[in-house]
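Positions -1 to 579 (the numbering used here) are the ones given, in order, by the sequence shown.
Note that beta-carbon positions come from the ideal geometry of N, C-alpha and C, so glycine has one too.
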Amino acid sequence: MSWGTELWDQFDNLEKHTQWGIDVLEKYIKFVKERTEIELSYAKQLRNLSKKYQPKKNSKEEEEYRLCWPKFCLLRQDFSRYTSTRAFLATLNEMNDYAGQHEVISENMTSLITAELTRYVQELKQERKSHFHDGRKAQQHIETCWKQLEASKRRFERDCKEADRAQQYFEKMDADINVTKADVEKARQQAQLRHQMAEDSKAEYSSTLQKFNSEQHEHYYTHIPNIFQKIQEMEERRIVRIGESMKTFAEVDRQVIPIIGKCLDEITKAAESVDHKNDSQMVIEAFKSGFEPPGDVDFEDFTQPMKRTVSESSLSNSRGDGKSEPKFSSKSKGKLWPFIKKNKLSLKLGAGPEDFSNLPPEQRRKKLQQKVDELNRDIQKEMDSRDALTKMKDVYIKNPQMGDAASVDHRLAELGQNIEKLRLEVQKFEGWLAEVEGRLPARTEQPRRQSGVYEAQNPSGVNSCAQDRESSPDGSYTEEQSQETEMKVPATDFDDEFDDEEPLPTIGTCKALYTFEGQNEGTISVAEGEMLYVIEEDKGDGWTRIRRNEDEEGYVPTSYVEVYLDKNAKDVHKPLQKISE
-1 MSWGTELWDQ
9 FDNLEKHTQW
19 GIDVLEKYIK
29 FVKERTEIEL
39 SYAKQLRNLS
49 KKYQPKKNSK
59 EEEEYRLCWP
69 KFCLLRQDFS
79 RYTSTRAFLA
89 TLNEMNDYAG
99 QHEVISENMT
109 SLITAELTRY
119 VQELKQERKS
129 HFHDGRKAQQ
139 HIETCWKQLE
149 ASKRRFERDC
159 KEADRAQQYF
169 EKMDADINVT
179 KADVEKARQQ
189 AQLRHQMAED
199 SKAEYSSTLQ
209 KFNSEQHEHY
219 YTHIPNIFQK
229 IQEMEERRIV
239 RIGESMKTFA
249 EVDRQVIPII
259 GKCLDEITKA
269 AESVDHKNDS
279 QMVIEAFKSG
289 FEPPGDVDFE
299 DFTQPMKRTV
309 SESSLSNSRG
319 DGKSEPKFSS
329 KSKGKLWPFI
339 KKNKLSLKLG
349 AGPEDFSNLP
359 PEQRRKKLQQ
369 KVDELNRDIQ
379 KEMDSRDALT
389 KMKDVYIKNP
399 QMGDAASVDH
409 RLAELGQNIE
419 KLRLEVQKFE
429 GWLAEVEGRL
439 PARTEQPRRQ
449 SGVYEAQNPS
459 GVNSCAQDRE
469 SSPDGSYTEE
479 QSQETEMKVP
489 ATDFDDEFDD
499 EEPLPTIGTC
509 KALYTFEGQN
519 EGTISVAEGE
529 MLYVIEEDKG
539 DGWTRIRRNE
549 DEEGYVPTSY
559 VEVYLDKNAK
569 DVHKPLQKIS
579 E
């Protein structure tokens, strides 16, 4: 079917239709452009989402005390330790790659569709303009020919009428006997002139008519069909082009489907690698303290005052002479923990002891082992540097022009001193490590905590520091009995110091979420649902200081209570009832 033969009289409609086709093409370009913008926005949001949930790097201080400060562990857990968090990290990384594929979709659609169609639309507009310009030019030509034919026809018609009137006038003059012969001759000549003019107009009209018919045939059977055929081909190319673009639109998406599928397969693979048993074991390795549960508390027979045993809360005689010191009252016992808070402050400031004695045995062993490995690596580096300098010195000795051999002697001496210092450090930490490994409960040694009679057979107190360490609320443990043996001031001085101390005001209330048995010094037992007063907030160590009444106060884990702070709270110690969950 050809537009030239079927639509020869629809020039204006074809002009409108082709313009509508260009509008559709431009609308499709706009659609694809907006799709690319959506893909870019989606990719950006996916990348931001992946970045948002990526684990943050621990600071040096948090890494140093991560194992002894549980709060840091919860906030900055090492993602590479547990299979579940490794799977989550793999998911985040795959989502980043997934976002990259959407960026590829946007880039390909922009280059293969938007840019190409935009350029094609400009060419299409120019071609359409040229074709319709030729069509209008052909129409103007045929209209001019038609006007010439009409003018020739009207002239012929006028001349024929004039000739008829001249002939009638001549005949009238010739029949009139009163008219002179001269007038009759003049009328005859006029009639002949008009007949000649009519014949000339007829000939001209006939020629013009033939010419117009020829031009009209050429116009409707040659020029217009050719122009309309070109317009038809142009429109068909536009239709084919938009169809190919739609196919490319789908192919761009299809090309990234295998890669997206691979990303999803990796996420599935990471999910299948989650091992709950392994993660449970990792928790044990991360938080195991090495302590054994405390032994039974010995019965203290108060019916025999002279044979009364010394309790854990009292200060024993470091010389083992059998004389018992006065014990703390219940009030001073509740206030013994602030005496140990210096240890907590040193941990917060990152000023822990060199031998990591502030850590539980198992965690201390790990830190000592890490320190030994680190020192051995430093020694190896120093030895490699020394070997390199030694080789350089040999080269200088053999080739003096390359350098002075004596210039490296000072550096070699420094390296030797450094190596010696590092070896001494290794020996020191290995000694502490051997001491810890020899005392761990796994070595079938007795529990560290002694709740009964103080062992008077250890008068020197040399080994008591390592054998009688108590666990404390900050995640470390204190050398309670060794501190008692080393105290030089009487216990009554401490009693006076604690008794004179002003009680802390309450800053709010709290409700116990779980039952907590406070068996260590400075802690307090609470029952689930019990309401108590808060006298000191969590300072970042995971413990909150609370008070039940004037004589009972201590620390509980912050996670065991729900705190309600009140800056205007008064220090009133009226009973608080238990509230069930």
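Inset, instruction - Could you tell me which residues DSSP pairs with residue 545 in its beta bridges? - result: 531, 551
Legend entry - Assigned secondary structure, residue 44 (DSSP; H/G/I helix, E/B strand, else coil): In this structure, residue 44 counts as helix in the three-state DSSP scheme.
Inset, instruction - Have a look at residue 134 and residue 217 and give me their C-alpha separation to the nearest angstrom. - result: Distance between the alpha carbons of residue 134 and residue 217: 12 angstroms.
Legend entry - Spatial neighbours of residue 164 in its chain, beta-carbon cut-off 7 angstroms, leaving aside the 5 residues before and after: 188, 189, 192
Inset, instruction - Quick one: grab the DSSP three-state call for residue 102. - result: In this structure, residue 102 counts as helix in the three-state DSSP scheme.
Legend entry - Residue burial classification, residue 156 (beta-carbon count within 10 angstroms, cutoff 16): exposed
Inset, instruction - Using DSSP bridges, identify the partner residues of residue 563. - result: DSSP output for residue 563 lists 506 as bridge partner(s).
Inset, instruction - Out of 426, 548, 110, state which residue places its alpha-carbon closest to the alpha-carbon of residue 530. - result: 548
Legend entry - With 16 other Cβ atoms within 10 Å as the buried cut-off, status of residue 106: buried
Legend entry - Limits of the alpha helix (DSSP H) - the one that residue 130 falls within: That run of the alpha helix (DSSP H) goes 113 to 173.
Legend entry - Touching by the beta-carbon criterion (3+ pairs, under 8 angstroms), the stretch 111 to 118 and the stretch 260 to 279: no
Inset, instruction - Output the boundary residues of the alpha helix (DSSP H) element that contains residue 7. - result: Segment: none, residue 7 is in no alpha helix (DSSP H) and carries neither H nor E.
Legend entry - residue 542 beta carbon less than 8 angstroms from that of residue 561: With contacts defined by Cβ atoms closer than 8 angstroms, residue 561 and residue 542 form a contacting pair.
Legend entry - Where the alpha helix (DSSP H) through residue 110 begins and ends: Where residue 110 is concerned, there is no enclosing alpha helix (DSSP H), given that its DSSP letter is neither H nor E.
Legend entry - Backbone secondary structure at residue 513 - three-state DSSP: Note: residue 513 maps to coil in three-state DSSP.
Inset, instruction - Evaluate the contact criterion for the stretch 117 to 130 versus the stretch 213 to 233: three or more CB pairs, one atom per stretch, below 8 angstroms. - result: Yes: at least three Cβ pairs fall under 8 angstroms.
Legend entry - Spatial neighbours of residue 390 in its chain, beta-carbon cut-off 8 angstroms, leaving aside the 5 residues before and after: Closer than 8 angstroms at the Cβ level, and outside the excluded window around residue 390, lie 401, 406.
Legend entry - Selected residue, minimal CA-CA separation from residue 413, among 384, 267, 255, 516: 384
Legend entry - Minimum Cβ-Cβ distance from residue 176 to chain B less than 8 angstroms: Absent here is chain B; the protein component of the structure consists of one chain.
Inset, instruction - Write down the C-beta distance between residue 137 and residue 226 rounded to the nearest angstrom, noting that I regard them as a contact closer than 8 angstroms. - result: Separation of the CB atoms of residue 137 and residue 226 is rounded to 12 angstroms, and the pair is thereby denied contact status at 8 angstroms.
Inset, instruction - Return helix, strand or coil for residue 301, following the three-state DSSP convention. - result: Residue state, collapsed to three classes: coil.
Inset, instruction - With a threshold of 16 other CB atoms inside 10 Å of the CB of residue 115, please say whether the residue is buried or exposed. - result: Burial call: buried.
Legend entry - Extent of the continuous alpha helix (DSSP H) to which residue 278 belongs: Where residue 278 is concerned, the enclosing alpha helix (DSSP H) stretches over 274 to 285.
Inset, instruction - State the start and end residues of the unbroken alpha helix (DSSP H) segment that holds residue 400. - result: That residue, residue 400, is in no alpha helix (DSSP H); it is neither H nor E in DSSP.
Inset, instruction - Indicate the three-state DSSP secondary structure (helix, strand or coil) for residue 295 in the structure shown. - result: coil
Inset, instruction - Please name the residue or residues paired with residue 524 in a DSSP beta bridge. - result: 514
Legend entry - Three-pair Cβ contact test at 8 angstroms for the stretch 171 to 181 versus the stretch 195 to 206: no
Legend entry - Coarse secondary structure for residue 368, derived from DSSP in three states: helix
Legend entry - C-alpha gap between residue 151 and residue 184, whole angstroms: 29 angstroms
Legend entry - Of the residues 36, 17, 22, the one placed nearest residue 124, counting alpha carbons only: 17
Inset, instruction - Please classify residue 39: is it buried, with 16 or more other beta-carbons within 10 angstroms of its beta-carbon, or exposed? - result: exposed
Legend entry - Beta-carbon contacts of residue 37 that lie in its chain and below 8 angstroms, excluding the five residues immediately before and after: 100, 101, 103, 104, 107
Inset, instruction - Assuming residue 284 contacts residue 84 (C-beta within less than 8 angstroms), just tell me the rounded distance between them. - result: No, residue 284 and residue 84 are not in contact; Cβ-Cβ is about 15 angstroms, not under 8 angstroms.
Legend entry - Beta-carbon proximity of residue 422 to residue 377, cut-off 8 angstroms: no
Legend entry - Separation of residue 3 from residue 220, as counted between CA atoms: 10 angstroms
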